[in-house]
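First comes the structure, then the notes that go with it.
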Amino acid sequence: MSTISHQTHPLTPGTEDRIDLLLIDDDPTDVLMVEKMLADSGLDTEITVASDLDSARRMLTRRTQCIIVDLSTPGIDRLEGLHQVLAFSGPAAVVVLTGLDDGRLGVRAVAAGAEDYLVKQEVDGPLLARAIRYAIERKRSEETERRLVEARILGRENARLERGLLPVPLIEDPSLRHHTRYRPGRRRALLGGDFYDTVQTEGGAVHLMIGDVCGHGPDEAALGVQLRMAWRTLVLAGHTGEQLLGTLDTVLGHERRSEEIFTTLCMITIAPSRRTARMHLAGHPAPLLFRGAPGDGGEVAALPDYAHGPALGLVPGAEWPTTEIDLGESWGLMLYTDGLIEGRVGDGSDRLGTEGLVDLARAARTRGAAGRSLIDALVGEVERLNGDALTDDLAVLLLSRQAGHDGPGR
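All residue numbers for the sequence shown refer to the numbering used here, where the first residue is 323 and numbers rise by one.
Printed below as a string of structure tokens:
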């Protein structure tokens, strides 16, 4: 085995720099023929010669761009030998060298995975150089396509996984209408650090929750899923209020990757009568309450946030007081994360804030927007005021009830 370097400059403008070749051939005459043809062609190459497959395996490097193999070399069992070469070739292109009477073998070799085949008696320097360049580019194209296919498959699998991690509301009350909007801030992601859930428990109470893990990466998204699933499990097990938040605080402390990670959260429990509710805020923006039907001039206001506690993960032994809410007959509750209210307003540095969101919601309701159309109208108007798409994670949950529908507890 040996290494020969031809340091001539390529004759054709635009060809590559030096090409590293691995030639598998034990016939010195054929080796000299290949070396001479490449030298005469002007192709800048460095040739490593291996007399058998074991030597070829040892001499193959990450720099090798093309392997030329003579399938008549002793120890190489024609197509079986080619399969062995293809198995260790990696990103290197494989070109088969055959005798004049092996034309059919060459065709079968290409079908098996070789980039090209050459007949010894019919090849000259320019043809050999061109075949090597084409084989390398063909292999690169195949590798690029393979990576694209793998990326598409992985993307579809991730999309299915992330969609599966988004919650399906557990509501049996036909008087309630449930709408959500979810959009992560990370590019090409389907899941962010924001999370939400809705669960109706035995006895008729409906529990709403929305939360926001600080940060925007996959770790924060995973933590949000863990907290949501923990919340649902606790609710279904009969836990509510401050006790539930305390347990979530403990879960967060165990699952977060650093002590700087915290989570804001808003939780509301609607009574079976559907006319009252209890709210707990843990460092989270106050929800909006809509009363009356859209377009009739009904009330739009933010729920009071004077009774609130700190975000989860900040204060050991924290307390989260309860706020009692009078819903009335027809109402809507809109929970959201701060991605909806932290967009800029105009060219200045002012943020939209809760008051700005109330104004936008009041205008949209006056125009008759409700349900999903109300959420879409608000997100669209917030982005218009911001002058661009929102970059933070965003989640919105809207639960509404119209007069004339009795809740399960009445």
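Note that beta-carbon positions come from the ideal geometry of N, C-alpha and C, so glycine has one too.
Length of the line joining the Cα atoms of residue i and residue j
i      : j      : result
Val371 : Thr466 : 28 Å
Leu603 : Glu641 : 10 Å
Trp553 : Asp495 : 21 Å
Asp339 : Leu365 : 9 Å
Ile697 : Leu721 : 11 Å
Thr523 : Thr562 : 11 Å
Ser411 : Arg474 : 25 Å
Leu682 : Ser652 : 20 Å
Arg385 : Asn708 : 50 Å
Pro616 : Arg687 : 5 Å
Val356 : Ala453 : 13 Å
Gln387 : Arg380 : 15 Å
Leu719 : Leu567 : 19 Å
Arg578 : Thr520 : 24 Å
Ile445 : Thr383 : The question names Ile, yet the displayed sequence has Val at residue 445. Looking at the two C-alpha atoms, the distance is approximately 27 Å.
Ile341 : Thr367 : 5 Å
Cys536 : Ala699 : 26 Å
Leu360 : Pro506 : 55 Å
Val353 : Leu427 : 21 Å
Met531 : Met589 : 4 Å
Ala292 : Gly654 : Because the chain is modelled from 323 through 732, residue 292 falls outside the range shown and cannot be assessed.
Asp348 : Ala409 : 21 Å
Gly447 : His538 : 57 Å
Pro643 : Glu564 : 7 Å
Glu677 : Val637 : 28 Å
Arg694 : Arg468 : 40 Å
Ile493 : Glu581 : 35 Å
His373 : Pro350 : Before going further, note that residue 373 is Ser rather than His in the sequence given. Cα to Cα, the separation comes out at about 9 Å.
Arg684 : Glu472 : 48 Å
Met551 : Arg455 : 55 Å
Leu470 : Arg689 : 46 Å
Under 8 Å between C-beta atoms of residue i and residue j
i      : j      : result
Gly546 : Gly515 : yes
Val704 : Arg503 : no
Gly575 : Gly635 : yes
Ala623 : Leu611 : yes
Asp714 : Glu646 : no
Gly650 : Leu716 : no
Val680 : Arg673 : no
Ile398 : Leu375 : yes
Leu393 : Ile369 : no
7 Å Cβ shell around residue i - same chain, five flanking residues per side excluded
i      : result
Glu437 : Ala415, Val416, Val417, Ala457, Arg460, Lys461
Gly729 : At Gly729, the pLDDT of 48 sits below 50, so the modelled position is not reliable; the number obtained from the coordinates is stated separately. Closer than 7 Å at the Cβ level, and outside the excluded window around Gly729, lie Asp495, Ser497, Gly526, Pro594, Ser595, Arg596.
Thr586 : Gly533, Asp534, Ala604, Gly605, His606, Ala633
Ala711 : Glu705
Arg430 : Leu401
Glu464 : none
Thr659 : Asp516, Ile532, Asp534, Asp715, Leu716, Ala717
Asp648 : Thr598
Rounded Cβ spacing between residue i and residue j (contact assumed at less than 8 Å)
i      : j      : result
Gly675 : Pro632 : The pair is not a contact, with the Cβ atoms about 20 Å apart (cut-off 8 Å).
His405 : Ala378 : No, His405 and Ala378 are not in contact; Cβ-Cβ is about 14 Å, not under 8 Å.
Ser363 : Leu440 : About 13 Å; that fails the 8 Å criterion.
Thr420 : Ile346 : With a Cβ gap of about 13 Å, Thr420 and Ile346 do not count as contacting.
Phe517 : Leu549 : 6 Å
Pro491 : His500 : 5 Å
Val391 : Val407 : 5 Å
Val626 : Leu657 : Here the sequence assigns Pro to residue 626, which means Val is not the residue at that position. Not really, about 15 Å apart at Cβ, beyond 8 Å.
Thr569 : Leu556 : 6 Å
Same chain only: Cβ atoms within 6 Å of residue i, ignoring 5 sequence neighbours per side
i      : result
Thr572 : none
Gln724 : Ser652
Ile592 : Val528, Ala599
Glu621 : Arg613
Pro335 : Annotation note: pLDDT 37 at Pro335 (below 50); position unreliable, coordinate value reported separately. Correct list: empty, nothing qualifies.
Lys358 : none
Below-8 Å beta-carbon distance, residue i vs any chain D residue
i      : result
Ser580 : The structure shown contains no chain D; it holds only a single protein chain.
Neighbourhood of residue i by C-beta distance below 8 Å, restricted to the same chain and skipping five residues each side
i      : result
Ser671 : none
Gly403 : Leu375, Val391, Leu393, Thr395, Gly397
Legend entry - Cβ contact (3+ pairs, closer than 8 Å) linking the region 541-555 and the region 591-606: no
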